[in-house]
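Sequential numbering of the sequence shown, starting at 1116, is according to the working numbering.
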Amino acid sequence: MSAHSLSEKPAAWHSLEVDKSLELLKTSSETGLSPQEVQQRLEQYGPNELEETGGRSAWQILIDQFTNIMLLMLIAVAIISGVLDLIAWQQGTLKPGELPFKDTIAILAIVVLNGILGYVQESRAEKALAALKKLASPNVRVLRDGRLVEVPAQELVPGDVMLVEAGVHVAADGRLIEESNLQIRESALTGEAEAVNKQAKVTLPEETSLGDRVNLVFQGTEIVQGRGKILVTNTGMQTELGKIAAMLQAVESEPTPLQQRMTQLGNVLVTGSLILVVIVIGIGLLRGGNLQELLEVSLSMAVAVVPESLPAVITVTLALGTQRMVRRNALIRKLPAVETLGSVTTICSDKTGTLTQNKMVVQSIYTNVSAPSSSPSNNLIFEDGNRPPQSQENTNNQFLSVTGSGYDPVGEFQLQGQKTEPQEYPALQALLVACSSCNDSFLQQDKGQWKILGDPTEGALVTLAAKGGIEKDQWDSKLPRVAEFPFSSERKRMSVICKVEPVETGVSAINEVDPIISHLVQPSERYLMFTKGSPELILARCTHIYQGTSATPINEGQRSEILAENDTMASKGLRVLGFAYKPLAEIPVEGSDEESEQELVWLGLVGMLDAPRPEVRAAVQECRDAGIRPVMITGDHQLTARAIAVDLGIAQESDRALTGQELQRMSDKELEEQVDLVSIYARVAPEHKLRIVQALQRRGRFVAMTGDGVNDAPALKQADIGIAMGITGTDVSKEASDMVLLDDNFATIVAATKEGRVVYTNIRRFIKYILGSNIGEVITIAAAPIMGLGGVPLTPLQILWMNLVTDGLPALALAVEPAEPDVMKRPPFSPRESIFARGLGSYMIRIGIVFAIISIILMAWAYNHVKVVTGDDLSPERWKTMVFTALCIAQMGHALAIRSNSQLTIEMNPFSNPYVLAAVVVTSILQLLLVYVPPLQAFFGTHYLTLQELGICLGFSALMFVWIEAEKLFFRLTGKKIV
């Protein structure tokens, strides 16, 4: 769906003349297309809209929840249990007061609940494409048959001639035919906030990057100023926006590490359970057992092996994690991302606003520091204390460093490390006046915060002037602007012409020119022109240099020295501007900038930097300590990127920085070979991020990627963790992301990563807790028929109680266990490690066997005990209740002991996680209610126990706690670490 078929090959429209473009698209700039041609092209290319590929419907997502192997087994158990109950009901063999189908109903209720939980997590539809569609303009003005008409944007076709003006969104990609002062904000596509000045008459090389194609317009961008006539070249999915939509939909969502581990866990549990069921039924039949009883045993085993509470506990744990992260300014959009963060090995971060403050701050000034009566000196010194190369010419120029942060107009001027006052140096004061006057931004205070209205670069200059006592509002009255030569990307400079107004100085009774600028003008010169811009270009137009209180001719030695210092400042990553002035007798005529901006007087250099956030250095170091590699990806200049990266500790001075042009020339294989060696990517377009993510993932890295523009969306979706900016991010990037940074701060990513590690540690902790007991339950149930005991010790309903309540409540309490001290002092665990890795599997089996041994010994004793101790109120079936109670209470001791892998329970602060204590007390009380409250006895099939029998149950249960504590002591003595 493009205009390509109208020409022999795909056209690089920015490299073609307007006439050639019109010829290729067979249209006219004066009349446009006829209705017949429009209809024909609509049929050929389709409507101008973004197409959505078919995804899963809501019903499909819901049905998919019930394909989980553990839920399928529970469904099978529920059906078989229902059939057995139906047979017993028809044969009249139900026990008195027994409710039929209660096991079936309870099991199916659990199945439905787990299915709904999974559906809620997965059904959050991706809205990135919907957000992309919002960027399209609903209606557009076009030429049709020579008449100007308004049509729906969907009806645009290649060859249409479209007219745009300030305030509208561009409805399709196109080649400019003509324009008038046209500026377009393309930040949604390129990530660059500054509006682009468009030019219709230029042709560009084919390899020109998207952001530099000044003769093209793109769908979804916004007209800031001016108007234009545009030839539509691409519509729908062939626009740059459409290509992003296609990439976005082509990125397949991979299961998170947690989802993969839960799938693996389900497969292992179900397989193991089925094998055990076959063994039990086989042995039972060989020993002449009753098939119906063996089936009941098998049903109980199947229910016991499935951790019914696990999905709910995991969901609640992740939800609690999201709440803690929101308090740290990280908004989690997809629950599994909470745990996934803990597996991150590489964080790819934007520079501007994330690693830095997104506030330009002047750090260095290079100007003349001769006091009016001082003798020349040439003791030049950098901010870092190094001396620059000495020139043969004595210019009296020196570096001054400026302190302060953000836009607060508070800071010191330091010369050779010592505080100095700007009032001592006329050239410095004149430079500060130039910074204030040659400026369109304003500094203002809002709710105690200093903010800039206007361009950040100019804001830094206004703030600098204010630090030196030059208040812009005051000087705008002393030097009111009467004319200007505005900045443009071609001129790379701007000039303002100000009228020199007399002021009351307090020195004499008559009005005088302010002393700061009195030496800049002669009595006949009532105007001052201040010029700023590219240092090389400004210096080339200077014939004099301001020293002391006078302008003297500039020589070649001085020019060379200034250019050398400019290079030095630029190599430190500073953005450098040159300043000059010129006294005028009259206002220059409009359009005379080339003639007027000659014979200037040089004032000095000002170097500024988007300063790093103060908290990021510590966050980067924390990353390094945690085995996570930070990577900077920016559209900024290579020198600036390197300076910030080295300053923050992201890279070393000798590390390689890869530019967007170099990356563009690399094959995917070449990039893959380099991606582990490069920590700085400079001059990178947003579309390159997708390739970087994919290369890192092919190297086995687990990647978090930040982004804010529309073009970042495919990379955000491809990354294991896509992180959108909450302040500067577009809706498209937020919808494609897993997490949104509410403060756009790199330190927040690190804090969220720490929280992810804590969540994963706690998930492993309660999986050990839950599955250890489940294994014990299964072995205990399997042992009953093998030992020749009559009946099943635990019914499916009792097992559901154990798995949901006895296991579930303490597991939820364990989910909020505080972080261990070394959580960010170790490398990330492999996201591809098995759920049973690092000893978790052996722990579960070991503890499960201990559980079973304790329970089987109790079961054997209780089975014989009830035959001896009888009574009217004592049921011969109460041995089952003793087993049930002992298993439940043993889990309480397990919950207390499992809080730490190495510390004994008595060594821990019991109130560091009071929820565990509360869960143990509440669950124990609930278990006793099941044993002693008649309605609950009837429903759950329990029987009254004597105090002696209850005491024996508690004694056997305590053995579990004693065993785990003894294990800790044993491993401590042998020097082994348990997981």
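In this text, a Cβ means the ideal position worked out from N, Cα and C, and glycines have one as well. A quick note: this is a predicted structure, and the numbers were derived from the prediction, not measured.
Cβ neighbours of residue i in the same chain (closer than 6 Å, five flanking residues each side left out)
i	result
I1447	T1437, M1440, V1453 and M1854
S1488	Confidence at S1488 is low in this model, with a pLDDT of 45, below 50, so its placement is unreliable and the value that follows should be read with caution. Within the same chain, S1488 has no close Cβ partners at all.
A1193	T1219, I1222 and L1223
H2068	It is Cys, not His, that sits at residue 2068 in the sequence shown. M1997, T2000 and A2001.
A1766	A1760, S1794 and I1795
Q1334	V1285, A1287, D1288, T1354 and L1356
V1339	Q1298, R1300 and A1310
D1823	M1840, T1843, G1844 and S1848
T1572	M1475
Enclosing beta strand (DSSP E) for residue i [first to last residue]
i	result
W1916	Looking at the DSSP string, W1916 is not in any beta strand (DSSP E); the run it does join, the alpha helix (DSSP H), is P1911 to W1916.
M1902	It is not in any beta strand (DSSP E) - M1902 carries neither H nor E in the DSSP assignment.
G1207	Here G1207 belongs to no beta strand (DSSP E), and DSSP marks it neither H nor E.
A1598	R1596 to F1600
E1280	V1276 to E1280
K1344	E1337 to N1349
G1610	It is worth fixing the name first, because residue 1610 is Ser in this sequence and not Gly. From DSSP, the beta strand (DSSP E) with S1610 extends over R1608 to K1614.
S1464	T1461 to D1465
Y1696	R1690 to L1699
C1657	C1657 to Q1662
K1449	Per DSSP, K1449 belongs to no beta strand (DSSP E) and is neither H nor E.
S1092	Nothing can be reported for residue 1092: it is not among the residues displayed for the chain, which extend from 1116 to 2094.
D1725	L1715 to P1727
8 Å Cβ shell around residue i - same chain, five flanking residues per side excluded
i	result
R1806	L1778, D1783 and L1786
V1597	I1612, C1613, K1614, Y1642 and I1702
S1949	R1376, Q1379 and G1956
L2051	L2044, L2045 and T2057
Integer-rounded CB distance, given that residue j should sit under 8 Å from residue i
i	j	result
L1689	S1556	Wrong, their Cβ atoms sit about 19 Å apart, outside the cutoff.
P1911	S1424	Contact flag wrong, Cβ pair sits at about 15 Å.
A1734	A1934	Incorrect: roughly 16 Å between the Cβ atoms, too far for contact.
P1422	N1918	6 Å
N2079	I2013	It should be pointed out that residue 2079 corresponds to Ile in this sequence rather than to Asn. Going by Cβ atoms, the distance from I2079 to I2013 rounds to 7 Å, so yes, they are a contact pair.
V2031	A2010	6 Å
R1290	V1431	The Cβ separation is near 56 Å, so there is no contact.
L1579	V1721	7 Å
K1108	G1343	A question about residue 1108 goes unanswered here, because the residues of the chain that appear run from 1116 up to 2094.
L1148	R1256	With a Cβ gap of about 14 Å, L1148 and R1256 do not count as contacting.
Same chain only: Cβ atoms within 7 Å of residue i, ignoring 5 sequence neighbours per side
i	result
A1685	V1691 and L1754
P1908	T1895, I1896, A1899, M1974, K1995 and V1998
V1873	A1934 and V1938
E1321	A1127 and S1130
I1585	L1547, V1548 and S1551
Among the options, the one whose alpha carbon lies nearest that of residue i
i	options	result
E1301	E1355, I2013, R1156 and Q1529	E1355
A1897	P1215, I1394 and V1266	I1394
V1825	R1880, Q1154, I1190 and T1336	T1336
L1214	V1226, I1225, V1227 and L1199	L1199
N1108	R1328, A1797 and C2003	Shown here, the chain extends from 1116 to 2094; a query on residue 1108 therefore has no answer.
D1179	L1201, Y1696, R1728 and V1226	V1226
I1202	L1189, I1190 and F1216	F1216
V1283	L1263, R1290, E1270 and N1254	N1254
L1831	T1843, V1847 and L1304	V1847
G1519	E1705, M1723 and G1648	M1723
V1279	P1943, E1265 and T1876	E1265
P1698	A1926, K1587, L1594 and K1687	L1594
Residue i: CB within 7 Å of a non-hydrogen atom of the ligand PLP
i	result
T1921	This structure simply doesn't include the ligand PLP, nor any ligand for that matter.
Extent of the continuous alpha helix (DSSP H) to which residue i belongs
i	result
Y2030	P2029 to Y2047
G1569	That residue, G1569, is in no alpha helix (DSSP H); it is neither H nor E in DSSP.
P1737	Reading off the sequence shown, one finds Glu at residue 1737, where the question assumed Pro. Element bounds for E1737: V1731 to D1740.
W1590	K1587 to K1593
I1176	A1173 to Q1180
V1428	L1425 to R1442
Beta carbon proximity, residue i to chain B, threshold 8 Å
i	result
E1671	Protein chains in the displayed structure number just one, and chain B is not present.
Open item on the list: For a minimum of 4 consecutive residues, which ranges assigned as the alpha helix (DSSP H) are wholly contained in the region 1960-2024?
Closed with: If we require 4 residues or more, the alpha helix (DSSP H) runs fully inside the region 1960-2024 come out as 1993-2012.
Task: Continuous alpha helix (DSSP H) assignments of at least 4 residues falling wholly in the region 1352-1406 - done: DSSP runs (the alpha helix (DSSP H)) wholly in the region 1352-1406: 1355-1365 and 1372-1401.
TODO: Jot down the residue ranges of each uninterrupted beta strand (DSSP E) in the region 1789-1841, minimum 3 residues, whole runs only, in chain order.
DONE: The region 1789-1841 contains these whole beta strand (DSSP E) runs: 1795-1797, 1818-1822 and 1836-1840.
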